[in-house]
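**Q** Per the working numbering, the sequence shown starts with residue 18, numbered consecutively. Just so it is clear, CB atoms sit at the ideal spot from N, CA and C, and this is done for glycine as well. What follows is a structure written as structure tokens; I'll ask about it next.
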Amino acid sequence: MLIAQLSDVHVGGARYRGELLRSAIEEVNAAAPDLVVVAGDLTDDGYPDQYPEAREELGAIECPQIVLVPGNHDARNVGYIRFEEEFGSRDTRMRIDADGLDVALVAVDTSKPDIDEGEVGREHYGWIAEGFDGEADLRIFVCHHHLMPVPGTGRERNQVLDAGDVIALLRRLEVDLVLSGHRHVPHVWPVAGMFIVHSGTVSTLRVRGFPHPSYNLIRVDGSRISVELRIPGGEGRSLGNYPRDWPLDLSARDADVFVPPPKTPPLAND
Ligand SMILES: [Fe+2]
Ligand SMILES: [Fe+2]
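Right, here's the structure in full:
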């Protein structure tokens, strides 16, 4: 299975460069992934003129399975409503048959209007758990904000407010991959049986520790997950090639002293 992970498009921003996005989408289409994830910050300010442009540009993605979530920039200026108008639901639960793999995916909007902090929110935990119910060969969680601090990003800020509880929840649900953006620096944290994969900014010059715009190509086969960082119109390099299965004692799923609350009826519906 091949996954393309893009984020932080920032259409309308002063340092947005449309040619980078078009170049990345051309490369992604040529790679023919089974799934494309656009992990937030599609626009720079959530303004009404930025969303149609973002939709038009991202409409060039040819993959039949595309999952998008809003970022903090998209939720500015009541942009979360415009996100729904242009792209549909801000949260997604889906099953994909990808190259013989039964994939369960849950994507959550972690943005809050007009603030940069992110939060999943306890009211979504039951809804997330339901999305990962049953057998699956691969479980993928998507949100814009980072669950783990990312090196090379300066002062830590805007991490998911309930990151600890969310990481514990995702570990308990046996999630394999967490796909996020926000910090504009590509990075992979192997943690507690999961691979938390951050994409850089695909189409802006708002870069930090890693000085190039970039996106990720993630390959999953029966036993390994590899992450390739790609510079639009440029080169690629590996962000790691990992064994998929963690020994139970390393994933430590059974060693959590925190007792999660009983499953509550979810507030969000599909
Ligand atoms: Fe961003
Ligand atoms: Fe962001």
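Does the structure place the segment 176–190 close enough to the segment 227–239 that three or more beta carbon pairs sit under 8 Å?
**A** The answer is no - the segment 176–190 does not touch the segment 227–239, with fewer than three Cβ pairs under 8 Å.
**Q** Between the Cα of Gly210 and the Cα atoms of Ser216, Tyr259 and Phe149, which residue gives the shortest distance?
**A** Walking along the sequence shown from the start, residue 210 turns up at place 193. The candidate whose alpha carbon is nearest that of Gly210 is Tyr259.
**Q** Does the beta-carbon of Pro166 have 16 or more other beta-carbons within 10 angstroms, so that it is buried, or is it exposed?
**A** Looking up residue 166 in the sequence shown gives position 149. Answer is exposed; the Cβ neighbour count stays below 16.
**Q** Just the C-alpha distance for Glu70 and Val202, rounded to the nearest angstrom, thanks.
**A** Position 53 of the sequence shown holds residue 70. Position 185 of the sequence shown holds residue 202. Between Glu70 and Val202, the C-alpha separation is close to 24 Å.
**Q** Threshold first: 4 residues or longer. Then list the alpha helix (DSSP H) segments lying entirely within the segment 32–113, N to C.
**A** 35–48, 67–75 and 96–104, all fully within the segment 32–113.
**Q** Going by other Cβ atoms of all chains shown within 10 Å of its Cβ, with 16 needed for buried, is Ala124 buried or exposed?
**A** Translated into positions along the sequence shown, residue 124 becomes position 107. The residue in question, Ala124, is buried, as its Cβ has 16 or more Cβ neighbours within 10 Å.
**Q** How far does the alpha helix (DSSP H) with Glu147 in it reach, from first residue to last?
**A** In the sequence shown, counting from the first residue as 1, residue 147 sits at position 130. Here the alpha helix (DSSP H) through Glu147 covers Tyr142 to Gly148.
**Q** Identify the residues that DSSP records as bridge partners of Gly253: which are they?
**A** On the sequence shown, position 236 is the one that residue 253 refers to. In the DSSP output, where bridge partners are listed per residue, Gly253 has Arg247.
**Q** On the criterion of 16 or more Cβ atoms from any shown chain inside 10 Å, does Phe100 qualify as buried, or is it exposed?
**A** Mapped onto the sequence shown, residue 100 falls at position 83. Buried.
**Q** Whose CB is closer than 5 Å to a heavy atom of ligand 1? List the residues in chain order.
**A** For ligand 1, the selected residues are Asp25 and Asp58.
**Q** By the three-class DSSP mapping on this structure, what secondary structure does Gly135 have?
**A** Walking along the sequence shown from the start, residue 135 turns up at place 118. Strand.
**Q** From the DSSP output, in three-state form, read off Leu178 for me.
**A** For the purposes of this step, residue 178 is taken as the residue at position 161 of the sequence shown. Of the three classes helix, strand and coil, the one that applies to Leu178 here is coil, per DSSP.
**Q** In its own chain, which residues sit with a C-beta less than 7 Å from the C-beta of Asp273, not counting the 5 before and 5 after it?
**A** Position 256 of the sequence shown, counted from the start, is the residue given in the question as residue 273. So the list reads Ala185, once near-sequence residues are dropped.
**Q** Does Ser231 come out as helix, strand or coil in the three-state DSSP assignment?
**A** On the sequence shown, residue 231 is found 214 positions in, with the first residue counted as 1. Reduced to three states, the DSSP call for Ser231 is coil.
**Q** Who are Ser197's beta bridge partners in DSSP?
**A** For the purposes of this step, residue 197 is taken as the residue at position 180 of the sequence shown. Ser197 is bridged to His215.
**Q** Whole angstroms are fine: how far does the CA of His215 sit from the CA of Gly253?
**A** If you number the sequence shown from 1, residue 253 lands on position 236. If you number the sequence shown from 1, residue 215 lands on position 198. Their backbone Cα atoms lie some 15 Å apart in a straight line.
**Q** Would you be able to state if there are at least three C-beta pairs under 8 Å between the segment 127–145 and the segment 28–35?
**A** The segment 28–35, when compared against the segment 127–145, does not touch it at the 8 Å Cβ threshold.
**Q** For Gly63, verify whether its CB is less than 7 Å away from any heavy atom of ligand 2.
**A** Residue mapping note: residue 63 aligns to position 46 of the sequence shown, counting from 1. No, ligand 2 has no heavy atom inside 7 Å of this Cβ.
**Q** Express the C-alpha separation of Ser243 and Gly151 in angstroms, rounding to a whole number.
**A** As a working note, residue 151 is residue 134 in the sequence shown. As a working note, residue 243 is residue 226 in the sequence shown. Approximately 25 Å, taken between the alpha carbons.
**Q** Straight-line CA distance for Val177 to Leu196?
**A** Locating residue 177 in the sequence shown gives position 160, where the first residue counts as 1. Locating residue 196 in the sequence shown gives position 179, where the first residue counts as 1. Each residue's Cα considered, the two are about 13 Å apart.
**Q** Under a Cβ-count criterion, where at least 16 other Cβ atoms within 10 Å of its own Cβ denotes burial, should Gly105 be classed as buried or exposed?
**A** For the purposes of this step, residue 105 is taken as the residue at position 88 of the sequence shown. Exposed, since its Cβ has fewer than 16 Cβ neighbours within 10 Å.
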